[in-house]
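Heads up: the sequence shown begins at 5 in the working numbering, then just goes up one per residue.
For every residue, glycine included, the Cβ atom is placed at its ideal position computed from N, Cα and C.
What follows is a short report on a single structure.
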Amino acid sequence: MTTASPASATAQYDYDQQDASGATCTAHAWAKVPAPLTPVQRRELKARAAELLRARGAVLVAHYYVDGDLQDLAVETGGCVSDSLEMARFGRDHSAQTLVVAGVRFMGESAKILSPAKRVLMPDLDATCSLDLGCPSDAFNAFCDAHPDRTVVVYANTSAAVKARADWMVTSSCALPIVRHLHAQGRKILWAPDRHLGGYIQRETGADMLMWNGACIVHDEFKGLELELLRREHPKAKILVHPESPQQVVEQADVVGSTAQLLKAVIELDAREFIVATDNGMFHRMRQAAPGKVLIEAPTAGNGATCKSCAHCPWMAMNALQGVIDCLAQGQGEILVDEPIRSRAEGCIRRMLDFVAAQPAAAIAQPMATGMGAA
Ligand code: 13P
Ligand code: SF4
5 MTTASPASAT AQYDYDQQDA SGATCTAHAW AKVPAPLTPV QRRELKARAA ELLRARGAVL
65 VAHYYVDGDL QDLAVETGGC VSDSLEMARF GRDHSAQTLV VAGVRFMGES AKILSPAKRV
125 LMPDLDATCS LDLGCPSDAF NAFCDAHPDR TVVVYANTSA AVKARADWMV TSSCALPIVR
185 HLHAQGRKIL WAPDRHLGGY IQRETGADML MWNGACIVHD EFKGLELELL RREHPKAKIL
245 VHPESPQQVV EQADVVGSTA QLLKAVIELD AREFIVATDN GMFHRMRQAA PGKVLIEAPT
305 AGNGATCKSC AHCPWMAMNA LQGVIDCLAQ GQGEILVDEP IRSRAEGCIR RMLDFVAAQP
365 AAAIAQPMAT GMGAA
């Protein structure tokens with residue numbers, strides 16, 4: 005049943021080149037990242053954004069990778085900071101009729117798909133994701149057409165149009181139990197788009213998975229050899245790895261998990277030092293939640309390094325306090341999803357949320373151990 009080397013579809017994109025609209029390359033994204041603010045400016049913008057959230061009856065739903073001030077604003081105003089699974093659940097369940105989603109576009113789209121009657125705003129609609137960009141719906145539909153015998157499982161980091169074709173959506177926090185469940189039913193899987201997360205799930209479950217060949221530009225750059233060298237300098241450190249990272253990095257992990265699961269590991273594990281292989285925006289919340297612990301960035305340098313991201317997602321970095329103010333004050337940055345696509349995409353997200361709701365809480369909240377763990 006296991007495919008030792010799964011067949012794959014390849015979609016290579018050069019994120020240094022602008023697309024036709026000029027909107028999607030990393031250079032464009034970095035150019036839109038706002039300059040650092042003075043403490044006074046930060047305080048004033050935060051107060052203005054909080055006032056607008058209150059006045060518009062809106063709630064801020066933020067990802068752990070966005071600017072620390074935005075994360076703090078979300079917490080202080082009754083919103084949430086979380087991984088992509090919890091962002092989807094929180095937005096669906098909250099009574100506010102306006103959701104401001106600070107993250108990347110697929111997160112705003114998931115919120116709109118689950119809550120079509122709500123207004124979903126984003127600080128910058130150009131904030132996208134290399135996984136989403138690397139899986140265009142036309143090519144993906146052709147891939148699915150060629151393999152009608154397979155259950156289509158897509159990662160959350162995809163467009164609404166790609167989700168509309170899927171049977172299941174998963175996030176990094178629940179991909180493993182969901183694929184294990186499908187494998188136990190004897191299903192063969194078509195997986196898209198992240199080759200590293202897909203490879204990790206395939207190795208852990210032994211499922212038959214046909215893979216799309218996408219990657220996250222941030223996690224793809226973590227380096228196995230350099231991580232080995234860094235571990236020698238910090239022999240007591242626990243290694244925490246997001247599963248979008250390459251196999252050589254995942255194989256050295258004590259814990260593999262979603263952003264929320266990695267945060268939980270920093271808080272709960274009995275260790276002082278942690279080497280963390282995920283976007284360094286995550287460190288803001290980790291430092292707040294576990295102030296006495298030493299957090300070290302996993303290396304992105306070394307042989308073959310291109311450092312398009314240097315462990316920070318340019319599209320996440322585009323989210324700013326000023327963007328929150330502008331979208332609330334001027335109504336710009338609204339997420340709209342065509343109804344036929346929305347209603348088809350809703351099915352695969354609901355299937356995931358129903359599956360998660362039926363699990364014992366620990367099955368999803370728990371970080372995954374690799375079983376290979378660092379020595
Ligand atoms: P999480 O669901 O783990 O927060 O991951 C989202 C993401 O985009 C990571 O790069
Ligand atoms: Fe996409 Fe990677 Fe950015 Fe996450 S960190 S949004 S997977 S490009």
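Through-space distance from residue j to residue i, alpha-carbon basis
| i | j | result |
| --- | --- | --- |
| Phe147 | Leu180 | 23 Å |
| Arg289 | Leu267 | 8 Å |
| Leu340 | Ala160 | 17 Å |
| Val328 | Gly82 | 15 Å |
| Gln326 | Pro127 | 8 Å |
| Leu74 | Ile279 | 25 Å |
| Ala115 | Val124 | 7 Å |
| Ile182 | Asp171 | 12 Å |
| Ile271 | Pro344 | 43 Å |
| Glu301 | Pro295 | 16 Å |
| Gln363 | Cys220 | 28 Å |
| Arg169 | Asp274 | 43 Å |
| Ala324 | Ala131 | 11 Å |
| Cys331 | Gly210 | 45 Å |
| Pro197 | Val44 | 42 Å |
| Arg47 | Asp142 | 45 Å |
| Phe359 | Trp216 | 24 Å |
| Thr6 | Asp258 | Because the pLDDT at Thr6 is just 38, under 50, the model does not fix this residue reliably, and the point stays unresolved. |
| Ala188 | Leu137 | 32 Å |
| His98 | Glu232 | 44 Å |
| Gln206 | Pro250 | 13 Å |
Reference residue i; option with closest CA among the options
| i | options | result |
| --- | --- | --- |
| Val158 | Ala211, His151 and Val166 | Val166 |
| Phe110 | Ala349, Ser249 and Phe359 | Ala349 |
| Glu255 | Pro127, Ala281, Ala275 and Leu56 | Ala281 |
| Gln252 | Leu229, Thr175, Ile271 and Ser141 | Leu229 |
| Pro247 | Val222, Ile271, Glu232 and Ala241 | Val222 |
| Leu103 | Asn145, Ala188, Asp142 and Leu56 | Leu56 |
| Trp319 | Leu231, Cys133 and Asp198 | Cys133 |
| Lys240 | Gln206, Leu299, Met215 and Ala121 | Leu299 |
| Ser163 | Ile353, His316, Val360 and Ala365 | Ile353 |
| Gly190 | Thr155, Arg169, Gly218 and Asn145 | Thr155 |
| Leu234 | Pro295, Glu277 and Ile205 | Glu277 |
| His316 | Tyr68, Val44, Ser176 and His187 | Tyr68 |
| Asp212 | His151, Asp87, Asp283 and Pro120 | His151 |
| Val260 | Ser249, Val245, Ala269 and Pro250 | Val245 |
Collapsed DSSP secondary structure at residue i in the structure displayed
| i | result |
| --- | --- |
| Cys178 | coil |
| His151 | coil |
| Arg169 | coil |
| Val37 | coil |
| Ile221 | coil |
| Lys242 | strand |
| Glu255 | coil |
| Cys84 | strand |
| Leu118 | helix |
| Ala361 | helix |
| Leu299 | strand |
| Ile205 | helix |
| Val108 | coil |
| Leu64 | strand |
| Glu277 | strand |
Residue i: CB within 7 Å of a non-hydrogen atom of ligand 1
| i | result |
| --- | --- |
| Asn217 | no |
| Thr263 | yes |
| Cys139 | no |
| Thr304 | no |
| Thr175 | yes |
| Cys220 | yes |
| Leu89 | yes |
| Asn323 | no |
| His246 | yes |
| Asn161 | yes |
Check whether residue i and residue j have beta carbons under 8 Å apart
| i | j | result |
| --- | --- | --- |
| Ser262 | Leu89 | yes |
| Ala54 | Glu80 | yes |
| Asp153 | Lys192 | yes |
| Ala100 | Ala62 | yes |
| Leu214 | Leu201 | no |
| Leu64 | Leu77 | yes |
| Phe226 | Thr175 | no |
Any non-hydrogen atom of ligand 2 closer than 7 Å to residue i Cβ
| i | result |
| --- | --- |
| Glu225 | no |
| Trp319 | yes |
| Asp130 | no |
| Asp56 | Checking the sequence shown, residue 56 turns out to be Leu, not Asp. Answer for Leu56: no, Cβ out of range of ligand 2. |
| Arg180 | Residue 180 is actually Leu in this sequence, not Arg. It does not: the Cβ of Leu180 is nowhere closer than 7 Å to a heavy atom of ligand 2. |
| Asp283 | yes |
| Cys133 | yes |
| Glu272 | no |
| Val108 | yes |
| Glu68 | As written in the sequence, residue 68 is Tyr, which differs from the Glu given in the question. Because no heavy atom of ligand 2 lies under 7 Å away, the Cβ of Tyr68 does not count as near it: no. |
Check: residue i C-beta below 7 Å from any heavy atom of ligand 4
| i | result |
| --- | --- |
| Val65 | Ligands displayed in this structure: ligand 1 and ligand 2; ligand 4 is not among them. |
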